[in-house]
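If you count by my numbering, then the sequence shown holds residues 7 to 174, one letter each, in order.
Notes to accompany the following structure.
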Amino acid sequence: MKSYTAWPLTWVLATLAPAAGASSATHGTDQPETINGIAIRQGIERLSYISLRYFGVRTSYDACIAQTQGFVPKQQDCAEAELAYQDSRLNRAYKALLADLDELDKRAAVDAERAWLAFRDKDCGARAGRYGSNAGPATESICLMETTAYRAQQLEDWHTSVKKHPSR
């Protein structure tokens, strides 16, 4: 039989306490957290971690937002104009992808896209709901635009992958 030594609880706590204190000290400050080389301030949603340029959001959206001078309904107009562009981009990418998939993969892609659309609408509605009637509609429009741009980029990347590595 093996013999096990029980460590006194006070020794374990004394050993682990300094390490626990050191890790939590940085989270209570106003200093940004660095994730993958990008400084992130507390309260910023994860989708905002990567530049909107990567997802194909046009610089005209930034210019439009700058002209609003913080007026929320005008920001909604900017987001809706960019959403129209991103939705068109998403539809082009989706059709191009489907054209290059075999029937089995095409059915799976259609199912995935339907599920994504349902998720996007519910997710953005839930995010906007907490802001009420003042900023809620603009928040929902911005969420829809950013999420659609992200999905369009995913579909474009998927299509590029399919063209480089056709199945079967």
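By construction, the Cβ of each residue, glycine as well, lies at the ideal position given by its N, Cα and C atoms.
It should be emphasised that the depicted structure is a prediction, and the values quoted were computed from it without experimental measurement.
For His165, the enclosing alpha helix (DSSP H) starts and ends at Gly138 to Lys170. Here DSSP, grouped into helix, strand and coil, assigns Asp83 to helix.
In this model, Ala118 and Arg98 are separated by some 16 angstroms (Cα to Cα). Note that the C-beta distance between Ala90 and Ala144 is not below 8 angstroms. DSSP places Asp68 within a helical segment (H, G or I) once states are collapsed to three.
Here Arg59 carries a coil assignment [DSSP, helix/strand/coil]. Gly76: not part of any alpha helix (DSSP H); DSSP gives it neither H nor E. In the three-state DSSP reduction, Gln92 falls in the helix class (H, G or I). A direct Cα-Cα distance of roughly 26 angstroms separates Thr166 from Cys149. Glu146 is the residue among Glu146, Val116 and Asp68 whose C-alpha sits nearest the C-alpha of Arg126. If you draw a straight line from the Cα of Ala155 to the Cα of Glu88, it comes to about 9 angstroms. Note on Ala134: 16 or more other CB atoms within 10 angstroms of its CB, so buried under the neighbour-count rule.
Around the CB of Gln159, 16 or more other CB atoms lie within 10 Å, so the residue is classed as buried. About 22 angstroms separates the beta carbons of Arg95 and Gly131, which is beyond the 8 angstroms limit, so they are not a contact pair.
Counting every other CB atom within 10 Å of its CB across the protein chains shown gives Gln81 a total of 16 or more, marking it as buried. Asp108 carries a coil assignment under DSSP once its states are collapsed to helix, strand and coil.
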